Amino acid sequence: MRAVAPVAIAALVLAVAGAARATPSDDLGRARDAFRAGDFGGAVPQLNLLLYPRPRLAQPQDLIEAHVLLGVSLFEVGEKDDATRELEEALYLSAELTLDPTLFSPAAVRFFDTTKRALEARNKAAADARRYAEDLERLRAYKASLRVYEVRPYYVNFVPFGAGQLQNGHRGKGLFFAASQGVTGAASAGIWLYLVSKYGFGGQVPPEDASDVRLLQQVEIGTGAVFLGLYVWSAIDAMVYYKPRAQIGGDDSLLPEELRDLDKPTGPGPGAAPAPAPSRRGAELRAPRASRPSSTPLLGPSIAPLLGPSAAGLTLTWEH
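Sequential numbering of the sequence shown, starting at 5, is according to the working numbering.
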């Protein structure tokens, strides 16, 4: 009996020492053996200890294998949500990963392929959404740099009916002069045409019509004088506020072709598939690379007047 006790103690010490010397690769080997034996329930806790809360495996291939084995084991025991997460972790580490149908069940291979296609679709939608947002930002910056100038001819200041005011951007005054000059000018011209058509240019006015004709002539002269006064007023006002050119908003025809249709609802909208939610270690595995800024600066067009002896036009130049 005394001899048995030291032997038992020595065996226990050796067992503890052997367990202490076990490496993560050894633990992965035991989990792999349990998986191959069909003991999926026994493989799950072993694989969990290798991956969480922090990965104990140093080699990328071992890490991928552990996620795959854990994902398939979870699938085989009916925990499909957790299985999807683990398989996605493996795919984030190796996007070209496939399952060997000779090592995994047909159901597990189909589940993996479905998970892979869904992940690829979500990643593509997320990439499209990011690219669309970047293009919209380019469009916003481009429009902010756009400078378009409208040439304003000087002779428009002398055109009646508020043309000079409308050219200067004074819509209210332009409408006032257009209405008032239109009424007074039409009244004066209309009375003159009526008298000429009835009595002729040098015709005699019958005595019985003399008083009526005199009254019409007075109205004709009065409205004509008011029209001329309004015209002089509008011309002076237009010249006071006249500017040879003014900056205006450019239209989409001035944009580069690749940015021209971005404002139209053709990009991914609010209903686009969202990017996959990060898992417990997703932030480490899926941190996106910082996009490199374009080396080509945005160019801003500038339109300037081009005046000739008998014509006016615009010139379009590009500014850095």
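Every residue, glycine too, gets a C-beta built ideally from N, C-alpha and C. Everything numeric in this text was worked out from a predicted model, so none of it was measured.
Could you name the residues of the same chain whose beta carbon sits closer than 7 Å to that of residue 50, not counting the 5 residues immediately before and after it, in chain order? 31, 34, 35 and 38, listed in sequence order.
Can you tell me whether residue 143 is buried or exposed, with buried defined as 16 or more other CB within 10 angstroms of its CB? Using a 10 angstroms sphere on the CB of residue 143, the tally of other CB atoms reaches 16 or more, which defines it as buried.
Could you give the C-beta distance for residue 245 and residue 172, rounded to a whole number, given that I count them as a contact under 8 Å? Right, the Cβ-Cβ distance comes to about 5 Å (below 8 Å), so this counts as a contact.
Taking the straight line between their C-alpha atoms, what separation do you get for residue 187 and residue 219? Rounded to whole angstroms, residue 187 to residue 219 spans 18 Å at the Cα level.
Please determine, among 204, 166, 101 and 200, the residue with the shortest C-alpha to C-alpha distance to residue 243. Ranked by how close their Cα comes to the Cα of residue 243, the residues 204, 166, 101 and 200 have 166 in first place.
Which same chain residues end up closer than 6 Å to residue 97 when comparing Cβ atoms and leaving out the 5 residues on each side of it in sequence? Excluding residues within five positions, the ones whose Cβ falls inside 6 Å are 68.
Closer than 8 Å is the cut-off here; do at least three beta carbon pairs connect the segment 106-124 with the segment 69-82? Short answer: they touch.
Mind checking residue 231: buried by the 16 CB within 10 Å criterion, or exposed? Residue 231 should be labelled buried.
Start and end of the alpha helix (DSSP H) containing residue 223? Looking at the DSSP string, the run of the alpha helix (DSSP H) that includes residue 223 is 214-244.
If I'm right that residue 239 touches residue 162 with Cβ under 8 Å, what's the distance once you round it to whole angstroms? Yes, residue 239 and residue 162 are in contact; Cβ-Cβ is about 5 Å, under 8 Å.
In angstroms, rounded to a whole number, what distance separates the CA positions of residue 27 and residue 60? The straight-line gap separating the alpha-carbon atoms of residue 27 and residue 60 is approximately 9 Å.
So which of 197, 237 and 158 has the shortest CA-CA distance to residue 221? Looking at the Cα atoms, 197 is the closest of the given residues.
Return the CA-CA distance between residue 177 and residue 169, expressed in angstroms with no decimal places. Their backbone Cα atoms lie some 6 Å apart in a straight line.
Just reading off the alpha helix (DSSP H) that residue 92 is part of, what are its end residues? Annotation: the continuous alpha helix (DSSP H) that includes residue 92 extends over 84-97.
Give me, in chain order, the residues of the same chain whose beta-carbon lies closer than 7 Å to that of residue 227; leave out the 5 immediate sequence neighbours on both sides. So the list reads 188, 191 and 192, once near-sequence residues are dropped.
Here's the rule I'm using: 16 or more other beta-carbon atoms within 10 Å means buried, otherwise exposed. How should residue 88 be labelled? Burial is judged here by how many other beta carbons sit within 10 angstroms of a residue's own beta carbon; residue 88 has at least 16 and is buried.
What does the alpha-carbon distance come out to for the pair residue 247 and residue 155? Their backbone Cα atoms lie some 9 Å apart in a straight line.
Report the three-state DSSP secondary structure of residue 163 (helix, strand or coil). If DSSP states are grouped into helix, strand and coil, residue 163 belongs with coil.
Hey, would you say residue 100 sits closer than 8 Å to residue 71, going by beta carbons? Note that the C-beta distance between residue 100 and residue 71 is not below 8 Å.
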